[in-house]
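A.B. asks: Per the numbering used here, the sequence shown runs over residues 28 to 516.
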Amino acid sequence: MSETTGNLHLPYIASAQAQKHVTHNEALRALDVIVQLSVRSATLNTPPTAPENDTRYIVAQAPSGDWADHAGDVAAWQDGAWSFHAPRDGWIVWDENTGSPLVRHEGAWQALADGATQSIFDKIGINATADPINKLSLKADAALFSHDDITPGTGDVRHVLNKVAAGATVSQVYQSGFVGHAEVGLTGDNDFHFKVSSDGSSFLEGIILDHTTGSAVFPHTVQTARENLLINGAGTLNQRQFAGGTLSSGAYGVDRWKAHAGAADVSVMDGQWTLTSGAIAQIVEPFLFGFSSLGSTVLTLSVEDLAGGDLAVNVGSASGTITAGPGRRAVTLTTAAGDIDNLTVTLAPASAGPITFARIKLEHGAPATPWRDRGYNAEKNLCQRYFQKSYDDADALGSATSRGAVSFYPGRGTSSGMRVFVPLTPSMRTQPTVTTYNPNTGTPNTVNRGGSEVASSVVNRGERGITAGAGAGANASYCTYHFAADAEL
């Protein structure tokens with residue numbers, strides 16, 4: 028049988044022992060030191076010169092004098108001498124000097140919880156079991172974090188979540204049945220993301236707040252005209268029936284896109300652009316999308332599935348390059364302060380062509396967001412602000428067809444002028460240049476006047492309509508023609 032107890036090492040009274048009271052008193056004295064343990068200090072290496080009886084101390088790590096060789100022990104001044112008690116892991120003591128508890132852990136005294144909120148606990152569970160991943164675990168109907176009215180504090184409360192770098196994630200996940208259905212935070216970058224999920228695995232971005240500009244992006248919200256500042260970015264509107272190939276400088280191909288300075292070799296097929304040489308351009312009117320100016324503005328130009336080489340981009344006075352690769356590829360630029368008027372956007376191969384890409388998009392802020400089509404009618408209305416024709420969409424200018432031709436019948440033969448007002452829908456950007464075509468031959472600047480091809484007469488041109496037909500000539504009972512109205516920038 029051991030001579031002392033297992034935990035506190037209190038001495039047992041042996042069988043037939045003489046002076047049993049000595050052993051008993053020794054145990055009581057030890058209990059008086061150890062139980063409800065409270066020490067005057069835990070930082071002294073040298074014993075105090077005039078200690079009070081029954082006062083206790085934790086010996087610091089470099090002891091001297093009567094405390095030598097007792098680092099970490101509990102020292103008690105009893106009856107004019109020091110007694111020492113070696114602590115075991117798990118002992119808890121109140122430090123009267125700091126007003127905080129200490130605990131013996133892994134052979135050393137450590138703060139249980141001091142004024143700096145330090146703790147030796149590697150896990151804490153409140154009505155729940157903590158684990159190596161969820162080191163703080165709580166089960167409760169509510170949790171309250173309130174301002175400090177005890178110290179008192181400032182009256183503010185800030186809950187800070189910190190991550191190591193931009194590429195890491197700091198977020199809050201909202202679950203139902205332990206399946207995540209929403210996530211909010213800095214997920215993989217420093218933009219603020221709002222995500223939702225139906226299965227806890229695949230998340231969709233609802234809102235992205237750009238951390239540099241503060242602009243909001245709604246990747247899965249129905250698009251408005253303002254989201255893409257370019258018109259006909261897919262190249263599918265083609266009123267001129269441009270077949271692809273070489274465009275001379277300033278000439279338009281598919282709607283809203285023209286060759287920039289110098290010729291451009293370009294084609295569009297099923298929404299895919301092939302740019303072999305030169306540059307294509309579109310001029311953006313800021314007010315059309317709700318901006319008074321796009322000067323000193325962060326803009327992002329993006330395309331999809333860029334192949335064959337990089338794409339050189341100019342947006343006003345700013346320039347950059349989109350590197351080739353699959354998916355949506357982008358460059359974010361800041362326009363110059365002087366880019367206050369209409370903004371010219373150009374795209375060209377960064378080196379030798381041809382290069383291919385799809386779905387050109389220019390948007391306010393960053394990052395690039397997924398493509399969404401405006402819809403055919405909305406896109407066409409924007410295109411017709413700049414160019415419209417009487418021909419069917421599939422008919423090229425100068426086609427010999429009467430489909431859709433302007434026709435009017437005065438009801439009697441006349442040799443006077445034969446003209447009619449034709450409304451333009453939608454209204455055009457400015458007074459257009461009007462070209463007429465004889466429906467029978469397709470000859471420009473002519474009309475069919477009673478079966479004869481004669482020069483056309485355009486007497487009035489306005490944003491909302493034109494008045495055109497034939498001037499005086501041989502008697503005729505009808506006049507018919509096609510027209511194209513051009514108000515391109």
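The C-beta atom is built at its ideal place from N, Cα and C for all residues, glycine as well.
1. Hey, how far is the Cα of GLY402 from the Cα of LYS222?
2. Take HIS112 as the anchor and find which of ALA102, TRP121, VAL120 and ILE119 has the nearest alpha-carbon.
3. Once DSSP output is grouped into helix, strand and coil, what is the label at ASP122?
4. For MET18, which option in ASN265, GLY478, GLU312 and GLN202 has the closest C-alpha, if you only look at C-alpha atoms?
5. Can you tell me whether VAL187 is buried or exposed? The criterion is at least 16 other CB atoms within 10 Å of its CB, across all chains shown.
6. Among LEU360, ARG491, ASN502 and ASN467, whose alpha-carbon lies nearest the alpha-carbon of GLU480?
7. Measure the alpha-carbon distance for TRP521 versus ALA98 and round it to whole angstroms.
8. Closest to PRO397 by C-alpha separation, out of VAL447, LEU231, ALA193 and PRO450, would be which residue?
9. State buried or exposed for LEU302, treating a residue as buried only when at least 16 other CB atoms are found within 10 Å of its CB.
10. Could you give the first and the last residue of the continuous alpha helix (DSSP H) run that contains LEU409?
11. If you draw a straight line from the C-alpha of SER454 to the C-alpha of ARG488, how long is it?
12. Using C-beta distances below 8 Å, list every residue in its chain close to TRP109, excluding the 5 sequence neighbours before and after it, in chain order.
13. Does the distance from the C-beta atom of VAL517 to that of THR507 stay below 8 Å?
14. Inspect the CB distances between the segment 330-339 and the segment 359-370 and report whether three or more fall short of 8 Å.
15. Name the two residues that bound the continuous beta strand (DSSP E) containing ILE85.
16. Where PRO313 and LEU321 are concerned, what is the direct C-alpha to C-alpha distance, given to the nearest angstrom?
17. Could you round the C-beta distance between ALA377 and THR348 to whole angstroms and report it? I think they count as a contact, below 8 Å.
18. What residue from ASN80, PRO114 and ALA89 has the CA that sits closest to VAL62's CA?
19. Would TYR464 be called buried (16 or more neighbouring beta carbons within 10 Å of its own) or exposed?
20. What residue does the beta strand (DSSP E) around ILE307 start on, and which one ends it?
21. If LEU274 and VAL293 are in contact, beta carbons under 8 Å, what's the gap, nearest whole angstrom?
22. Would GLN172 be called buried (16 or more neighbouring beta carbons within 10 Å of its own) or exposed?
23. Using 8 Å as the threshold, is the segment 274-289 in touch with the segment 425-434, meaning 3 or more CB pairs across them?
24. How would you write the range of the beta strand (DSSP E) that HIS208 sits in, first residue to last?
25. Using three-state DSSP, classify TRP104 as helix, strand or coil.
26. By alpha-carbon positions, which one of ASN472, PHE510, GLU490 and ILE151 ends up nearest to SER434?
27. By DSSP's criteria, TRP109 is part of a beta bridge. Which residues make up the other side?
28. Just verifying my parser: in three-state terms, what is the DSSP assignment at PHE414?
29. Checking 8 Å against the spacing of the C-beta atoms, do GLY477 and ALA503 come in under that value?
30. Taking the alpha-carbon positions, what's the SER484 to ASN259 distance?
31. Can you say whether ASP150 is buried or exposed, counting buried as having 16 or more other CB atoms within 10 angstroms of its CB?
32. Locate the beta strand (DSSP E) running through LEU64, then write down its first and last residues.
33. What residue does the beta strand (DSSP E) around ASP116 start on, and which one ends it?
34. Check this for me: beta carbons of ALA514 and ILE493, under 8 Å apart or not?
C.D. replies: Well, looking at it:
1. 26 Å
2. ALA102
3. strand
4. Because the chain is modelled from 28 through 516, residue 18 falls outside the range shown and cannot be assessed.
5. exposed
6. ASN467
7. Nothing can be reported for residue 521, as the shown portion of the chain is limited to 28 through 516.
8. LEU231
9. buried
10. 403-411
11. 12 Å
12. PRO74, ASP93, TRP94, ALA102 and ALA103
13. Residue 517 cannot be examined here, being either before or after the span of the chain that is shown, 28 to 516.
14. no
15. 83-85
16. 6 Å
17. 5 Å
18. PRO114
19. buried
20. 307-311
21. 6 Å
22. Correcting the residue identity first, residue 172 is Phe in this sequence and not Gln. Exposed is the call here.
23. no
24. 206-214
25. strand
26. PHE510
27. TRP104
28. strand
29. yes
30. 32 Å
31. In the sequence under discussion, the amino acid at residue 150 is Lys, which differs from the Asp named in the question. So LYS150 ends up on the exposed side.
32. Looking at the DSSP string, LEU64 is not in any beta strand (DSSP E), and its letter there is neither H nor E.
33. Where ASP116 is concerned, there is no enclosing beta strand (DSSP E), given that its DSSP letter is neither H nor E.
34. no
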